[in-house]
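Top to bottom, those sequences are chains Y and D. Going by the numbering used here, the first sequence opens with residue 4, and the numbers climb by one from there. Going by the numbering used here, the second sequence opens with residue 59, and the numbers climb by one from there. Beta carbons are placed, not taken as given, at the ideal position from N, Cα and C, and that holds for glycine.
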Amino acid sequence: MNEQTWDLVIDADDKRGRASFKKIWQYRDLLKLLVRRDFVAFYKQTILGPIWFFIRPIVATIVYFFIFGKVAGLSTDGVPPVLFYLSGLMIWSYFTETVTKCSGVLLENAAMFGKVYFPRLIMPLSIVFSSMLRLGVQLLLLILIFVYYLFTSDTISLTPAILLVPFLIIIVSFQAVGLGLLVAAIATKYRDFSMLLGYILQLGLFLAPVVFPLSSISGKFKLMVSFNPMTFPIELFRHAFFGTGSFSTMNILYMIIATVIMLFVGVYAFNKYEKTFVDTI
Amino acid sequence: MLTQFSLMSVAISIENVSKAYQLGVFNTGSFSNDISRWWALKRGKEDPFLKIGEENDRTKKGSSNVVWSLRDISAQVEQGDSVGIIGRNGAGKSTLLKILSQVTHPTTGHIKIKGKVASLLEVGTGFHPELTGRENVFLNGAILGMRHQEIKKKFDEIVDFSGVERYIDTPVKRYSSGMFVRLAFAVAAHLESDILIVDEVLAVGDADFQKKCIGKMNQLGHTGGRTIIFVSHHMPTIKALCKKTIFLEKGKVHSFGETGDTISTYLSAYSLAKTGDGYIPKGISLHGSGEVRFTRFLPYKDEQGCEDFFFGEKPTLLIEIEVFTDVSDASIGLHIINVLGDTITMAAPNENYKSISLEKGKYEFEVSLEEVLMPGEYSFNLTISKYNTGSDIDSVESVGTIRILRDSIDHDLDYPWATVHGYFKPRTSWKTKRI
Numbered sequence: 004m005n006e007q008t009w010d011l012v013i014d015a016d017d018k019r020g021r022a023s024f025k026k027i028w029q030y031r032d033l034l035k036l037l038v039r040r041d042f043v044a045f046y047k048q049t050i051l052g053p054i055w056f057f058i059r060p061i062v063a064t065i066v067y068f069f070i071f072g073k074v075a076g077l078s079t080d081g082v083p084p085v086l087f088y089l090s091g092l093m094i095w096s097y098f099t100e101t102v103t104k105c106s107g108v109l110l111e112n113a114a115m116f117g118k119v120y121f122p123r124l125i126m127p128l129s130i131v132f133s134s135m136l137r138l139g140v141q142l143l144l145l146i147l148i149f150v151y152y153l154f155t156s157d158t159i160s161l162t163p164a165i166l167l168v169p170f171l172i173i174i175v176s177f178q179a180v181g182l183g184l185l186v187a188a189i190a191t192k193y194r195d196f197s198m199l200l201g202y203i204l205q206l207g208l209f210l211a212p213v214v215f216p217l218s219s220i221s222g223k224f225k226l227m228v229s230f231n232p233m234t235f236p237i238e239l240f241r242h243a244f245f246g247t248g249s250f251s252t253m254n255i256l257y258m259i260i261a262t263v264i265m266l267f268v269g270v271y272a273f274n275k276y277e278k279t280f281v282d283t284i
Numbered sequence: 059m060l061t062q063f064s065l066m067s068v069a070i071s072i073e074n075v076s077k078a079y080q081l082g083v084f085n086t087g088s089f090s091n092d093i094s095r096w097w098a099l100k101r102g103k104e105d106p107f108l109k110i111g112e113e114n115d116r117t118k119k120g121s122s123n124v125v126w127s128l129r130d131i132s133a134q135v136e137q138g139d140s141v142g143i144i145g146r147n148g149a150g151k152s153t154l155l156k157i158l159s160q161v162t163h164p165t166t167g168h169i170k171i172k173g174k175v176a177s178l179l180e181v182g183t184g185f186h187p188e189l190t191g192r193e194n195v196f197l198n199g200a201i202l203g204m205r206h207q208e209i210k211k212k213f214d215e216i217v218d219f220s221g222v223e224r225y226i227d228t229p230v231k232r233y234s235s236g237m238f239v240r241l242a243f244a245v246a247a248h249l250e251s252d253i254l255i256v257d258e259v260l261a262v263g264d265a266d267f268q269k270k271c272i273g274k275m276n277q278l279g280h281t282g283g284r285t286i287i288f289v290s291h292h293m294p295t296i297k298a299l300c301k302k303t304i305f306l307e308k309g310k311v312h313s314f315g316e317t318g319d320t321i322s323t324y325l326s327a328y329s330l331a332k333t334g335d336g337y338i339p340k341g342i343s344l345h346g347s348g349e350v351r352f353t354r355f356l357p358y359k360d361e362q363g364c365e366d367f368f369f370g371e372k373p374t375l376l377i378e379i380e381v382f383t384d385v386s387d388a389s390i391g392l393h394i395i396n397v398l399g400d401t402i403t404m405a406a407p408n409e410n411y412k413s414i415s416l417e418k419g420k421y422e423f424e425v426s427l428e429e430v431l432m433p434g435e436y437s438f439n440l441t442i443s444k445y446n447t448g449s450d451i452d453s454v455e456s457v458g459t460i461r462i463l464r465d466s467i468d469h470d471l472d473y474p475w476a477t478v479h480g481y482f483k484p485r486t487s488w489k490t491k492r493i
């Protein structure tokens, strides 16, 4: 037999991941359809339809406004409370939603992954894009209220910092995917970790400046909160809109390095485990 | 796009592929195992848990919890060949397909593939109940690796093949299971690929549709020049579709060759009464509720077990059963099976296939086969079921192979031809006169 060129080599000793950008690009139509499926299936057989995308952040904002703003009397850095809570919650819930969904991606799709192969990374990618779509809808809501305050109050003004928003969304997405995929990989064998994740995310709400600004805390607590990789994306997000927030160059550097590490570790672990996870599930 | 290859080029080359599975429950014990395994591998040592593996024999409880589902499989499939894979449950057929489809990864060895692979381990993977038939065709097609344009181009053909045109814009949750399967298979059948890997998906759907599916696959294989790998328990389908067949046994390749030869090997490998006195071991039964068990099956002549009969000789078959609970409406069937696994006819204890009543205890049936079988090899399936409900009580497959030889015992009967013409010698009467 002559030398042949092979289109596919499956080698047991190959420890590398098998996903490549080229392969993922070949499946871009699937990615599109999956995002669409998520979006459409979400409000099939509902009366209000896509309006549900707005209801959740509005209700949460109202609840937080009363509990933390009125009852606990926490500061909002001089930002109108509605904008303060809405902006924090938006980013935070985008993060938690993406992490939670990514962490279940292997277990929930096990039946399908056990029957057909396509680059597994397509699935978490579709999660990120559909979460991002929802975030986009909420961002519209935020912008509407923002514009209202822009004209009615003089505490809010538009600055070039607003251009940071896309960059921050990418940072948050990378962190969420990284953490989510790491848990997804480990949870194929040890379900404990997906339980643990739920608690960590609940706790995380209070270790991130979601319901309070970083400037309102100090000492050890502030140090702890500063270690949370999600802290500065939130602070910077508020900075982009309202010009508030406290951060240093070091903080931003830390945020970027943490993001790169999280993304790398998560994708590495996922690629390593996705090859054989159907055997252990 | 399909790529043209020169003749006789290898499409799939499987080299020393093995697959180990860890049995049992993953719990706290496996966490510490994992850590010690990781530590061993880090120091460049062999995986301590793979060394103690054993072959996959489902009837015995093994001492280790690692089992080799496939062991050192090597095979080469040429481009354009259609290859069947047969073997008992647990022989590793599905594992091999899963590895070829990249659903799971081999433990050792490697596989090289030339061309685009489409695999169909299940019909309708990824179908979403809320989406319409149309939306699902696109989604399922994309999951199987088709581009949007490709599906669009073939959409009408797919819908036409499935025959569910009227419901194409209805959510698939309202489909009957038959419609669901039709649509799903239609998508898969229109995949553009060089290699098609198909698991026993044809077992679903009605007979008409199955025929259509097999026809489609035949068309893909013969005129489309596609390489096909096909797993089935159904020998006639394998025979109809595949040129060559691999017979897997306990994770190893037992034989690989022309389909006819491999199927014969397979069937005779599982004829139980071939050796000894025909007692049927416990646990061989395929399914059934178990009130009655077939305990023995033996073809014999001259007071002893026998495999070879001369043409014209009438074999006697001994069947023994044990009844554990009274059954008032037992329906016993003795199926005569040809080398392809087809039932050629079925006999029962009474003329009209009516039920008989059995009380607790043991029974023996002595069956004399009055019809003359044509030369060839035959085996038998035994079934017992409830006459009224049709539910199985016990069933055993391919027991007691017999061979009918071309020579006859006396010169009154003779079979001089090389080819065999059918299964039974018909009883005819000929009146001859010169005109």
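- Pairing Y46/Y with W55/Y gives a Cβ-Cβ distance under 7 Å.
- Residue contact with chain D for Y120/Y: present (Cβ-Cβ distance below 7 Å to some residue of chain D).
- Chain-ordered, the chain D residues with CB closer than 8 Å to the CB of T279/Y read T162, H163.
- Counting only runs that start and end inside the segment 134-195 of chain Y, the alpha helix (DSSP H) elements of at least 4 residues fall at 167-190.
- Not a single C-beta of chain D is nearer than 7 Å to the C-beta of K26/Y.
- The beta carbon of A243/Y is closer than 6 Å to those of A164, I165, L167, V168 in its chain, skipping five residues each way along the sequence.
- At least one C-beta of chain D is nearer than 7 Å to the C-beta of G117/Y.
- The Cβ of K212/D sits no closer than 7 Å to any Cβ of chain Y.
- In the DSSP assignment, M258/Y falls within the alpha helix (DSSP H) that extends over 252-277.
- Boundaries around L158/D are those of the alpha helix (DSSP H), 151-158, since no beta strand (DSSP E) includes it.
- At a cut-off of 7 Å between beta-carbon atoms, L36/Y makes contact with chain D.
- Across the set L210/Y, I237/Y, L136/Y, K278/Y, the C-alpha of I237/Y shows the shortest separation from the C-alpha of L92/Y.
- From the beta-carbon of W9/Y, the residues of chain D found nearer than 7 Å are K170, I171, K172.
- I338/D is the residue among I338/D, P357/D, Q362/D, G363/D whose C-alpha sits nearest the C-alpha of R351/D.
- Residue contact with chain D for I54/Y: absent (no Cβ-Cβ distance below 7 Å to any residue of chain D).
- DSSP, read as helix, strand or coil, puts L128/D in strand.
- In the assembly as shown, G52/Y is an exposed residue. Its beta-carbon has fewer than 16 other beta-carbons within 10 Å.
- Taking 7 Å as the upper bound on Cβ-Cβ separation, chain D lies near residues V119, Y120, F121 of the segment 119-139 of chain Y.
- If you look at M227/Y, you'll find it in the alpha helix (DSSP H) that goes 222-230.
- Judged by DSSP secondary structure, H242/Y falls within the alpha helix (DSSP H) whose first and last residues are 234-245.
- The continuous stretches of alpha helix (DSSP H) do not include Y225/D, and DSSP gives it neither H nor E.
- Taking a cut-off of 8 Å on C-beta distances, the segment 437-452 of chain D touches the segment 394-410 of chain D, as three or more cross pairs fall below it.
- DSSP places M293/D in the uninterrupted alpha helix (DSSP H) bounded by 293-299.
- Distance check between L254/D and each of T486/D, K420/D, L278/D, K231/D places L278/D closest, using alpha-carbon atoms only.
- Between I13/Y and chain D, the shortest Cβ-Cβ separation is below 7 Å.
- With a cutoff of 7 Å on beta-carbon distance, Q80/D and T285/D are scored as not near each other.
- In the DSSP annotation of this structure, the continuous segment of the alpha helix (DSSP H) that includes D41/Y starts and ends at 31-46.
- Counted as a single uninterrupted DSSP element, the alpha helix (DSSP H) harbouring D319/D occupies residues 317-327.
- The Cβ of R205/D sits closer than 7 Å to at least one Cβ of chain Y.
- Chain-ordered, the chain D residues with CB closer than 8 Å to the CB of A44/Y read H186, E188, L189.
- Within the segment 243-256 of chain D, no residue places its CB atom closer than 8 Å to a CB of chain Y.
- Counting along the chain, F423/D sits inside the beta strand (DSSP E) bounded by residues 419-426.
- Excluding five sequence positions before and after V425/D, the CB atoms of its chain that fall closer than 6 Å to its own CB belong to L375, given in chain order.
- Taking the C-beta atoms as reference points, A211/Y is found nearer than 7 Å to M233/Y.
- At a cut-off of 7 Å, the C-beta of L33/Y has a neighbouring C-beta in chain D.
- The three-state secondary structure of V245/D, taken from DSSP, is helix.
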